[in-house]
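Q:
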Amino acid sequence: MLFPIISTWMSIEGHRRLFQVIPDPMQELWDKWELRGLILLSLVSQIILTLLGNRTNYKPNICTRALVWSAYLLADWVAALAMGVISSNLGDYYNVTCQKKKVNPQLIAFWAPFFLMHLGGPDTITAYALEDNELWLRHLVGLVSQTILTIYIILMSWKGNWLSHLSILMLVVGFIKYAERTWSLYSGSIKHLRDSFLRSNGNPWNKEQWHDQYQRNFLRFIYIFVSLFADLVLSPRDIDHDREEFLNNIGWEHAFNKVDFELKLMYDVFYTKAFANYGFLGLMSRLITLTGTLIVLVLYAKLSQNNEYLVMDHIITFLLLAGALISEIYAFILSIASKWRRYYFSVSGLEDSLYMYEYNVERDSSSFFGKKAPISFGQSNFFTFICSQNWNTMDNFVPINKLEKLLHVSHCSISSDLKKKIFSSLYLKSERSMQSNFSDNPGSGNCSKGKNMSILLSEFEFHRTIITWHIVTNLFYYQKDGDSSVHSRNSKQISDYMFYLLVKQRYMLPVGSGLITIRDAIIQTVKYFPFVPQEHELAEVCDVLLQQGKPTATIDEPLEVQSILSILFLPETKDGESAKEQSASVLFQACEIAKKLGVGNREKMWQLIEELWVEILSYAGAHGRVDMHAQQLRRGLELISHVWLLQAHFGLLDQFRITPLKANA
């Protein structure tokens, strides 16, 4: 990381060349506000990252993400640049051939350690993206180079007075802060997580490797879900232990609270300092930095009264000290109240027992300053999308690049009924897997006995399945005589959520883009109407679409998904059929399926559709990329990640699934 050295050199040479051509008044203004402006900009960046850095406490919108991203990039750049400017100013001050600037060398040297603190960043965010953790070595080089530069600045201006000694104390604080960030990045790297567990032979109960019972208990708690992100295959004993706990000791509400808690812990591992600083050393570093900053502030306030500093410089110094102290107090409070530290103390016998902690997860998964935020998920709808745009003016052409931007997105909180349905479905599936050789793909519900099930589980056709069944669900939901049962509401919410994922969060699904299919389905739909229907006319729209043709079948069979697959799932694509013909037929396939379902018992129909959507959601969660779940944590927690982690605890993922024969081996 040569940026500090390069920026220093560029600052010195650039100043000399630039000042040869600009007027003297501009030079004076630049000299006065260059460093001071960088200080204020750095402080603003730190405030933004401290307040908005932890993105599990809220659902960040695009503006908030842009603000955090800008502050994250700006913070390091400004701090490194300011160090170069300080070095340049001191070089000019002590250079007899240069015109001396109106600066106090001891005071601006005292400012340098604060920028080292700013490079360490707040506890709420160390990495913006998952890839930042893999660059920990670059930050280690930066830690060494910036520390050397800070020492050089202090020695250059050394007078042996009280301010020089305070600079040394702030240097220690700044070094600790930057070292914490570097260690946090290293701890959050996938390679380090994987190596840490491999060193324990993949078994947290190995007493030969983990002599400390408390450390072993702590590792056992995080073992299951960290193994997922580190792409480790678990032993049958580990899987059985975790699955037995979920099947016998945990209800649906606690299960969702537990996985929500675990996802937030994983956010801490990848994006904050909490995981790296939960132990005794982390607590000691907090005490040192807090105490050191407080001592410096008190001494500076007392000893600077008789010094003739510029009023502006005096104010800026107090701003730096006050900002550092407030940041340290906030970090200390977060550290004491940290979920990681409370668990570490609980397994060490310093707080509640492990049992009490495990069954109060819902308390710990709450945000620090308020009640636990409910699980929310996005909602987008095909028909409301049509009603919101004037497609007739587009001459039967919908630009693909505008489709995602035009889609309206709302968010709703997950209901207790939907939680119960998802939990019960996965619970029954896990029980069946323990009783028999459960060899079907995860998310299939062991339904491979039915016809055409491969179409649902085919990644190539998966996006067409989502779109088709989304249209089917809405055709019934918006009918004039449609009901509002629990099954219909659950079906509608999952349907709109999967449509939202398909358009807005495609990387979370095990499929490619379905935008072309959606666009052609829109074109086919608007052809039925000489005008653009309004949202309050959705019932009429659905009736018109359902009137195309006559019903040909019923579903008066027992409510088992595998017994009616021949009616439900999409017909196999004919050889030679073009992609445009396939996508254009989605609407007609949806209408045909709706006609077959619509003449049967409505309650059974909605139960079946609800069951199908839970299967689709489970399949999507089980077959998505693990790193995408980790990446999504910084944008907010998604329902599909909760379902994915629930399946892991129930032993339904590939690396968590074993047959009874293997389990007993």
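Position 349, counted from 1, in the sequence shown is what full-length UniProt numbering calls 349; the numbers after and before it change by one each time, with no gaps.
By construction, the Cβ of each residue, glycine as well, lies at the ideal position given by its N, Cα and C atoms.
Quantities reported herein were computed from a predicted structural model and do not represent experimental measurements.
Does the beta-carbon of Val503 have 16 or more other beta-carbons within 10 angstroms, so that it is buried, or is it exposed?
A: For the purposes of this step, residue 503 is identified with residue 503 of the sequence shown, where counting begins at 1. By the 10 Å Cβ count, Val503 comes out buried.
Q: Among the candidates Tyr128, Gly120, Leu163, whose CA atom is the shortest distance from the CA of Thr147?
A: Residue mapping note: residue 147 aligns to position 147 of the sequence shown, counting from 1. It is Gly120 whose Cα lies nearest to the Cα of Thr147.
Q: Considering only C-alpha positions, which residue in the set Cys591, Ser380, Trp158 is nearest to Trp469?
A: For the purposes of this step, residue 469 is taken as residue 469 along the sequence shown, with counting starting at 1. For Trp469, the nearest C-alpha among the options comes from Cys591.
Q: Could you spell out the range, first to last residue, of the beta strand (DSSP E) harbouring Gln379?
A: Within the sequence shown, the letter at position 379 stands for residue 379. Note, Gln379: beta strand (DSSP E), 376-379.
Q: Rounded C-beta distance between Val173 and Met117? I'm assuming under 8 Å.
A: Here residue 173 is taken as the residue at index 173 of the sequence shown, counted from 1. Here residue 117 is taken as the residue at index 117 of the sequence shown, counted from 1. Their Cβ separation, rounded to whole angstroms, is 6 Å, which keeps Val173 and Met117 in contact under 8 Å.
Q: Using the three-state DSSP reduction, which class does Ser413 fall into: helix, strand or coil?
A: The residue you call residue 413 lines up with position 413 of the sequence shown. Reduced to three states, the DSSP call for Ser413 is strand.
Q: Apart from the five residues just before and just after His192, which ones in its own chain have a Cβ nearer than 7 Å to its Cβ?
A: Mapped onto the sequence shown, residue 192 falls at position 192. Hits under 7 Å: Tyr186.
Q: By a C-beta neighbour count over all protein chains shown, 10 Å radius and 16 as the cutoff for buried, is Asn54 buried or exposed?
A: Along the sequence shown, read from residue 1 onward, the residue named residue 54 stands at position 54. Burial call: buried.
Q: For a quick check, are the C-beta atoms of Asn104 and Gly188 less than 7 Å apart?
A: Residue mapping note: residue 104 aligns to position 104 of the sequence shown, counting from 1. Residue mapping note: residue 188 aligns to position 188 of the sequence shown, counting from 1. Contact flag unset, no.
Q: Ignoring anything shorter than 4 residues or poking outside the stretch 26-78, list the alpha helix (DSSP H) runs there in chain order.
A: The qualifying runs do not exist here; there are none.
Q: Spatial neighbours of Ile39 within its chain, please: C-beta separation below 6 Å, excluding the five flanking residues on both sides.
A: On the sequence shown, residue 39 is found 39 positions in, with the first residue counted as 1. Closer than 6 Å at the Cβ level, and outside the excluded window around Ile39, lie Ile316.
Q: Going by the beta-carbon positions, is the gap between Leu637 and Phe377 smaller than 7 Å?
A: Against the sequence shown, residue 637 aligns to sequence position 637. Against the sequence shown, residue 377 aligns to sequence position 377. Taking 7 Å as the Cβ cut-off, Leu637 and Phe377 do not qualify as a contacting pair.
Q: For the candidate residues Gln435, Leu428, Arg489, whose alpha-carbon lies nearest to that of Gln379?
A: Indexing the sequence shown from 1 puts residue 379 at position 379. The residue with the shortest Cα to Cα distance from Gln379 is Arg489.
Q: Is Thr525 near Leu597, with beta carbons less than 7 Å apart?
A: Within the sequence shown, residue 525 is the residue found at index 525, counting from 1. Within the sequence shown, residue 597 is the residue found at index 597, counting from 1. It is not a contact, given that the beta carbons lie outside the stated cut-off.
Q: Give me the Cα-Cα distance between Met508 and Leu645, rounded to the nearest whole angstrom.
A: Here residue 508 refers to the residue found at position 508 of the sequence shown. Here residue 645 refers to the residue found at position 645 of the sequence shown. About 14 Å.
Q: If you follow the alpha helix (DSSP H) that Gln631 is in, where does it begin and where does it stop?
A: Looking up residue 631 in the sequence shown gives position 631. Its alpha helix (DSSP H) spans residues 626-632.
Q: Indicate whether residue 673 and Leu608 have their beta-carbon atoms separated by less than 7 Å.
A: Since the first residue shown for the chain is 1 and the last is 665, residue 673 is missing from the structure and cannot be characterised.
Q: Where do the ends of the alpha helix (DSSP H) carrying Pro236 lie?
A: For the purposes of this step, residue 236 is identified with residue 236 of the sequence shown, where counting begins at 1. Taken as a continuous stretch (DSSP letters only), the alpha helix (DSSP H) holding Pro236 covers 236-248.
Q: Less than 7 Å between the C-beta atoms of Ile176 and Ser285, yes or no?
A: Residue 176 sits at position 176 when you count from the first residue of the sequence shown. Residue 285 sits at position 285 when you count from the first residue of the sequence shown. Cβ distance < 7 Å, so Ile176 and Ser285 count as in contact.
Q: Compute the Euclidean distance between the alpha carbons of Ser410 and Ser491, then round it to the nearest angstrom.
A: Working through the sequence shown from its first residue, we reach residue 410 at position 410. Working through the sequence shown from its first residue, we reach residue 491 at position 491. Approximately 17 Å, taken between the alpha carbons.
Q: With three or more C-beta pairs closer than 8 Å as the rule, is the stretch 416-428 touching the stretch 600-620?
A: The answer is yes - the stretch 416-428 touches the stretch 600-620, with three or more Cβ pairs under 8 Å.
Q: Taking the alpha helix (DSSP H) that Lys504 falls in, what are its first and last residues?
A: Counting from one through the sequence shown, the residue named residue 504 turns up at place 504. From DSSP, the alpha helix (DSSP H) with Lys504 extends over 486-504.
Q: Indicate whether Val259 and His642 have their beta-carbon atoms separated by less than 7 Å.
A: Position 259 of the sequence shown holds residue 259. Position 642 of the sequence shown holds residue 642. Going by C-beta atoms, Val259 is nearer than 7 Å to His642.
Q: Do Ile471 and Phe382 have their C-beta atoms closer together than 7 Å?
A: Residue numbering aside, residue 471 sits at position 471 when the sequence shown is read from its first letter. Residue numbering aside, residue 382 sits at position 382 when the sequence shown is read from its first letter. Taking 7 Å as the Cβ cut-off, Ile471 and Phe382 qualify as a contacting pair.
Q: Could you give the DSSP three-state label for Leu321: helix, strand or coil?
A: As a first step, residue 321 must be located in the sequence shown, where it is residue number 321. The answer is helix: DSSP assigns Leu321 an H, G or I state.
Q: How should Val311 be labelled, buried or exposed, when 16 other C-beta atoms within 10 angstroms of its C-beta is the threshold for buried?
A: Counting from one through the sequence shown, the residue named residue 311 turns up at place 311. Result: exposed.
Q: Would you please state the rounded distance, in angstroms, between the beta carbons of Leu228 and Val626? I believe it to be under 8 Å.
A: Within the sequence shown, residue 228 is the residue found at index 228, counting from 1. Within the sequence shown, residue 626 is the residue found at index 626, counting from 1. That belief holds up - the Cβ atoms of Leu228 and Val626 are roughly 6 Å apart, short of 8 Å.
Q: Just the C-alpha distance for Lys420 and Phe650, rounded to the nearest angstrom, thanks.
A: Here residue 420 refers to the residue found at position 420 of the sequence shown. Here residue 650 refers to the residue found at position 650 of the sequence shown. Taking the straight line from one Cα to the other gives about 15 Å.
Q: Report all residues from its chain with a CB closer than 8 Å to the CB of Trp613; omit the five preceding and five following residues, and keep chain order.
A: Locating residue 613 in the sequence shown gives position 613, counting from the first residue. Correct list, in chain order: Trp469, Thr473, Asn490, Ser491, Ile494, Ser495, Met498.
Q: Give me the residue from Ser167, Asp240, Ser42, Cys387 with the minimum Cα distance to Ala539.
A: The residue you call residue 539 lines up with position 539 of the sequence shown. If we check each option's Cα against that of Ala539, Cys387 comes out closest.
Q: Taking just the CA atoms, how far does Ser335 sit from Ala648?
A: For the purposes of this step, residue 648 is identified with residue 648 of the sequence shown, where counting begins at 1. For the purposes of this step, residue 335 is identified with residue 335 of the sequence shown, where counting begins at 1. Rounded to whole angstroms, Ala648 to Ser335 spans 29 Å at the Cα level.
Q: Find out if the Cβ-Cβ distance for the pair Arg464, Thr384 is shorter than 7 Å.
A: Stepping through the sequence shown from its first residue, residue 464 is reached at position 464. Stepping through the sequence shown from its first residue, residue 384 is reached at position 384. No, the Cβ-Cβ distance between Arg464 and Thr384 is not below 7 Å.
Q: What would DSSP say about Ile326, mapped onto helix, strand or coil?
A: Reading the sequence shown from its first residue, position 326 is the one you call residue 326. Three-state DSSP puts Ile326 in a helix.
Q: How close, in whole Å, do the beta carbons of Thr272 and Thr126 come, if the pair is a contact with beta carbons under 8 Å?
A: Residue numbering aside, residue 272 sits at position 272 when the sequence shown is read from its first letter. Residue numbering aside, residue 126 sits at position 126 when the sequence shown is read from its first letter. Sure, about 6 Å apart at Cβ, within 8 Å.
Q: Taking the CB atoms as reference points, tell me whether Asp268 and Ala274 lie closer together than 7 Å.
A: Here residue 268 corresponds to residue number 268 of the sequence shown, with the count starting at 1. Here residue 274 corresponds to residue number 274 of the sequence shown, with the count starting at 1. Yes. Within cutoff.
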